[in-house]
Structure formats: C-alpha cells, structure tokens
DNA sequence: CTAACATTGTTAAACTTTTAACAAAAAGGC
DNA sequence: GCCTTTTTGTTAAAAGTTTAACAATGTTAG
Ligand SMILES: NC(=O)c1ccc[n+]([C@@H]2O[C@H](COP(=O)([O-])OP(=O)(O)OC[C@H]3O[C@@H](n4cnc5c(N)ncnc54)[C@H](O)[C@@H]3O)[C@@H](O)[C@H]2O)c1
Ligand SMILES: NC(=O)c1ccc[n+]([C@@H]2O[C@H](COP(=O)([O-])OP(=O)(O)OC[C@H]3O[C@@H](n4cnc5c(N)ncnc54)[C@H](O)[C@@H]3O)[C@@H](O)[C@H]2O)c1
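Protein chains in written order, with the numbering used here: chain A, 519 to 746; chain B, 519 to 746.
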C-alpha cells in the first residue's frame, strides 16, 4: 500500500540558533494531543487536523516542528507514533530523570502522588523535610529524610532535578543548597523568584498568578459588558 | 519636602484596545514584588529599580503600566502603596470572589489550604466530590457536598469561579455542569483542554507541562555542552 | 503508469512585543 | 528661586512571533 520514502528525522536542526521559548512551551501540548491520538490508535494525522484540535494554525505547527527536523510526508501527513516518539525525544522524556522533593506538605504530597510523571520517566527518589514528625514517613514508597541529610544524599545519588515545595521563606536557602550540590534543574512551587547561577535552570510554577489572570479577565469582561 | 502634584490614576486607558495577554501575565508578578516592598515598608521605587528586581527592562515596566494610566511622577518614581493599590484594582483583587472547588483529592486539598488566596479576596465557599467517604467532611472549615448537589448550591449562592481538581476523565463533564449553571470563570488543573462557550474564561494550570519544559531545557544544555 | 490531489517544509509578509531614545516635568541641592 | 539631576510617559525602531502563500513531492485512484 504505502511505503514511505522516509529519510526520517533529518539532522536539519537549525543548529547554533536558539529555539524560541514560544516554541518550547508548545511542545508539551503537542505531546499531550499526540499521546491521546496514540492511545486512541489513530495512525496518521495531518498538520491541519492536529492544529484544529489544539486550536492553533497548521502553519504554526509545521513551523514549530521544522525547528527540529522533517517528520512528515507530503500528501500524507504525520504518523502519530513516529511524531510522538520524536516529540518525546525532543522533550527529553526517554531518559530516566531522578528527582528529589523538598517540603513534604500538602502540595508536595500531591505532586509526589501524581502518577503521570512517573510514566514519563520522572522518578522521585527521595523526599526531605525539616519537620521531625514527618521525617521517617514513607510517602508513595518514597522515604522522607531529614533535610540535614540532603548534601550527603546528593553526593551519592544521581539526581538531575530538585523540586521545591517548602514555604516561600525557606525556598531560597533550599535552592542554594541544591545548587551547591551540583543540581542543574529546579522545579519551584514557592512564590519567590529564586536567584541561581546562569548554568542552573529554574522552572517556576505560577499557581497563584494564574488565578489572578483569571480574575482580571473576568473583570475586563464585566467592564466591557457595562460600557459598550 | 516633596509635595506631589498628583492628578493620580488618569483615565488614560487606551479604551477599546485590547490589553495584550503578555502584559496581563506580568501584572501578578508586579503585584508580588510590590506586596513584598510594601511589607518591607519601602515607600517609593523607580521603574528601573523595580524592573531590576524583577529581571525585566524599565522600559517594559513603564510601557505595561501605561496601558492602565499614569501612576508615577517624573523625578521621583512610584509610591509603592499607591501602585500596589492600582495593580490590585486592575487585577480585580479588591472585590470578594466566591469559588467552589470540585474534586477534594490531594491537589484540591492543597489548593483549598493555600491561604494566600483568601488574603487576596478569593473565598472557597463549598467543595464537591463524588466519593461518599469524603462527602460530609469539613476541610479548612469548608463543607464537602455530594456532587449531585452542585446545581442546587449554585442556584442559591453567588459564585464567580469554579475550580476543577477532579481526574481528567471527569473534568469536561464538571465544566459543562458549571457552565450550565452560569459560571463564567473556570480554574482547571486537570490535564485536558476544556471546551466551553466563548463567554466563559478558562485558566488552565499546566503543572506537568512545565516539568517537560524544564526537562527539555536541561537536555538542550547538555547537547550544547557536548557539541561545541 | 499517469494525472489529480493532498500536504509538507520553507520563504516572505504581517503582526506583536520588546527595547531604546528623548522631551517634559518634577525633585532636591545650593 | 535657580540649576542640575532624576525619572516619567510616550513615540519610534528593533526584534521576535505568527500567519499566509506556494513550490516541491509523495499519495491515491483509475
Ligand atoms: N498549596 C497550594 O495550593 C500552593 C499553591 C501555590 C503555591 N504554593 C506554595 O507551595 C509551597 C508549599 O505549600 P503547601 O501548601 O504544601 O505548604 P505546607 O505547609 O503544607 O508544606 C510545607 C512543607 O515544607 C516543610 N518545610 C518547611 N521548612 C522547611 C525547610 N527549611 N526544609 C525542608 N522542609 C521544610 C514543612 O515541614 C512542610 O512539610 C509554599 O511555598 C506555597 O506558597 C502552594
Ligand atoms: N497531584 C498533582 O500534583 C497534579 C499535578 C498536575 C495535574 N493534576 C491533576 O489534578 C487532578 C487531581 O489530581 P489529584 O492528584 O488531586 O487526584 P486525586 O485522585 O487525589 O483527587 C481527585 C478527586 O476527585 C474526586 N472525583 C473523581 N471523580 C469525580 C466527579 N465526577 N465529580 C466530583 N469529584 C470527583 C475523587 O473522589 C477525588 O477526591 C487530576 O486531573 C490530575 O491529573 C494533579
């Protein structure tokens, strides 16, 4: 039937050119929709169909993918399994990533429990807290250690990402300690802007900020409704 | 000493022009830094000082504020309390906003507990769940009702925002029910893109997506390091 | 095997956002 | 009170992002 010429994943990357942040932020969305399609056993999809589902233009989708290579075929579209695989690779979801979490409070426990991460190669290996009542607990099969053991633990385990779910007041100190131990990626939920060296990457999750954005948009709607 | 002419908050808004989303998203950040300064009893700040703290350009800060009015004074800067007040007003943080939360699981409980929201005028009035073991509980002084009572409750209470922390599989159905009851704002934590009418605003919190972005950035760094 | 069709990857134009520059105006020192 | 300094709000230029257009190329049906 169809045989597909398939030079596959051209090393067509515009190397040495920085991939725009706007593009990077859309990749997880593509990943999610492709996972859905894959699960529904859809074998192929065109840029226009996928873009319509996501709510963007086909142009943007193709432009975004072209930063990384050529994964589709003219007249046919993309194979879902193949494209999902490529996007996963680009996102770094194929390697196992070791994480530690600091601050076993409500939010910390929710995140540890969130199984989706594990499926995608993110493994929380240890939890740290400074509350003696919590230290020693096992949460979702992961032990909670005293925060004083952080440095020791990191010396002897391969950990790529530190997750901070302590109160805001402790977050900078925790970040400093992680950085001193050589951690290069921090996933921060405390509402403070962490100061870290340039070679450390911080992703800040702005839970509270998005509620304010919602509140503001609601208000704008109300104003518009009343004054025109 | 200084007396300040003070025509204050000019109704200078470029009305009928849509405020860029990029601007809206920065306002909560300004709010946070201004709150900090206010707490530290700093009385005045210039655009360049504040921008430096935040990590943006002074130009951008002034440009952003100019969408809403003129709040500063040449040769002096901004009064922290005044600007904080203005930003809060713009964000709609001065009115009381009633919320209901659906899905009293781990994440839901963390969010209910998160006191910062209450301080900013967001009040969770009721919780709904479909698990009979949870219905009847009181979480942080807020009662958990059976999900079947949702419509009844919303008929008789003034609620502006619905928070969805159910599993992804239930999220669309919950959203539909909220919309049918006239809710215009949805704060969604489930990893699905909710379909709602145009007059309903959904803010989607992408917790998982930001971890993927972190993972990708880490990988990019690694690649860069190895190939040049 | 051929021709009509579908759909990509890419180039170029349009649009949006950010940064720079500066005149206008108030502050603060002398 | 006058002069120098500071700093705003705004206008203009630069940079970045999105959308449109289309040639190239593989697909599919006859
Ligand atoms: N809960 C939410 O929905 C939510 C939303 C947005 C942001 N946040 C932020 O996430 C963080 C955690 O929130 P939470 O609701 O889970 O709070 P929490 O109080 O339930 O948990 C904090 C945990 O950190 C531990 N801790 C405190 N200081 C520590 C230290 N120096 N070292 C190690 N552990 C320490 C505490 O013992 C506790 O277990 C806070 O910064 C909060 O502002 C939470
Ligand atoms: N936990 C996290 O860190 C995290 C991170 C990102 C996204 N999320 C998303 O947030 C949501 C909640 O996650 P969680 O970890 O709290 O899960 P959870 O299983 O702990 O909680 C879900 C709650 O929803 C209730 N529920 C289920 N179906 C319902 C229905 N039809 N009506 C009303 N209530 C219903 C359940 O009884 C349960 O109490 C999920 O969609 C998850 O994907 C969670």
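By construction, the Cβ of each residue, glycine as well, lies at the ideal position given by its N, Cα and C atoms.
### Message
Looking at the strands, I want to know which residues DSSP matches up with residue 705/B.
### Response
For residue 705/B, which the question treats as bridged, DSSP gives the partners 681/B and 721/B.
### Task
For residue 717/B, I'd like the list of residues in its chain whose CB is within less than 8 Å of its CB, leaving aside the five on either flank, ordered along the chain.
These residues qualify, in order along the chain: 702.
### Query
Would you say residue 604/A reaches chain B, if we count a Cβ-Cβ gap shorter than 8 Å as a contact?
So, not an interface residue.
### Query
So with Cβ pairs under 8 Å, would you call residue 705/B a contact of chain A?
Yes, because at least one Cβ of chain A sits closer than 8 Å to the Cβ of residue 705/B.
#### Entry: Extent of the continuous alpha helix (DSSP H) to which residue 694/B belongs
Here the alpha helix (DSSP H) through residue 694/B covers 686-698.
### 3-residue-minimum beta strand (DSSP E) runs that sit fully inside the segment 610-676 of chain B, ordered along the chain
If we require 3 residues or more, the beta strand (DSSP E) runs fully inside the segment 610-676 of chain B come out as 615-620, 640-647 and 660-664.
### Message
Can you look up residue 563/B in the DSSP assignment and give me helix, strand or coil?
### Response
Three-state DSSP puts residue 563/B in a strand.
### Query
Is residue 594/A helix, strand or coil by DSSP?
Three-state DSSP puts residue 594/A in coil, outside helix and strand.
### Query
Since residue 702/A meets chain B, which of its residues come closer than 8 Å, beta carbon to beta carbon?
In chain order: 736 and 739.
### Query
Does any heavy atom of ligand 2 sit closer than 7 Å to the C-beta of residue 698/A?
No.
### Message
Would you say residue 719/A lies against chain B (beta-carbon separation less than 8 Å)?
### Response
Judged by the 8 Å Cβ criterion, residue 719/A is in contact with chain B.
### Message
By alpha-carbon positions, which one of 576/A, 647/A, 545/A and 639/A ends up nearest to residue 611/A?
### Response
Residue 639/A is the option with its Cα nearest to residue 611/A.
### Query
How about the segment 599-609 of chain A and the segment 580-599 of chain B: do they share at least three Cβ pairs that are nearer than 8 Å?
Inter-segment contact for the segment 599-609 of chain A and the segment 580-599 of chain B is absent: fewer than three beta-carbon pairs are separated by less than 8 Å.
### Task
For residue 547/A, collect the residues of the same chain with a Cβ closer than 7 Å to its Cβ; drop the 5 residues on either side in sequence, then sort them by chain order.
Around residue 547/A: 572.
### Task
Residues of the segment 630-653 of chain A with a CB closer than 7 Å to any CB of chain B: list them in chain order, please.
Of all residues in the segment 630-653 of chain A, 631, 634, 635 and 640 have a Cβ within less than 7 Å of some Cβ in chain B.
### Query
Once you ignore the five residues that flank residue 575/B on each side, which residues in its own chain have a CB closer than 8 Å to its CB?
These residues qualify, in order along the chain: 569.
### Query
For residue 698/A, does the count of other Cβ atoms within 10 angstroms reach 16, so buried, or fall short, so exposed?
Residue 698/A comes out exposed.
### Message
Against chain B, with Cβ distances strictly below 8 Å, would residue 558/A count as a contact?
### Response
In terms of beta-carbon proximity, residue 558/A stays away from the interface with chain B, with every pair separated by 8 Å or more.
### Query
Comparing the CB of residue 554/A with every heavy atom of ligand 2, is any distance shorter than 7 Å?
Not so, every heavy atom of ligand 2 lies at least 7 Å from the Cβ.
### Query
Quick one, which of 537/B, 710/B and 673/B has its alpha-carbon nearest residue 586/B's?
For residue 586/B, the nearest C-alpha among the options comes from 537/B.
### residue 626/B Cβ short of 7 Å to ligand 2 heavy atom set
Yes; taking the cut-off as 7 Å, the Cβ of residue 626/B has a heavy atom of ligand 2 nearer than that.
### Query
Is there a Cβ from chain A that is less than 8 Å from the Cβ of residue 731/B?
Answer yes: the Cβ-Cβ gap between residue 731/B and chain A drops below 8 Å somewhere.
### Query
So which residues on chain B does residue 628/A lean against when the C-beta distance must stay under 7 Å?
In chain order, 624, 625 and 628 make up the part of chain B whose C-beta sits under 7 Å from the C-beta of residue 628/A.
### Task
Verify the contact flag: residue 621/B, CB atom, against every heavy atom of ligand 2, threshold strictly below 7 Å.
A distance criterion of 7 Å places the beta-carbon of residue 621/B in contact range of ligand 2, judged by its closest non-hydrogen atom.
### Query
Around the C-beta of residue 675/B, are 16 or more other C-beta atoms found within 10 angstroms, so that it is buried, or is it exposed?
Its Cβ having fewer than 16 others within 10 Å, residue 675/B is exposed.
### Query
Where does residue 588/A fall in DSSP's three states?
Here residue 588/A sits in coil by DSSP.
### Query
Are there three or more Cβ pairs, one per stretch, closer than 8 Å when the segment 709-723 of chain A is compared with the segment 645-654 of chain A?
Three or more Cβ pairs closer than 8 Å define a contact, and the segment 709-723 of chain A falls short of that threshold against the segment 645-654 of chain A.
### Message
Any heavy atom of ligand 1 inside 7 Å of the beta-carbon of residue 590/B?
### Response
No heavy atom of ligand 1 is found nearer than 7 Å to the CB of residue 590/B.
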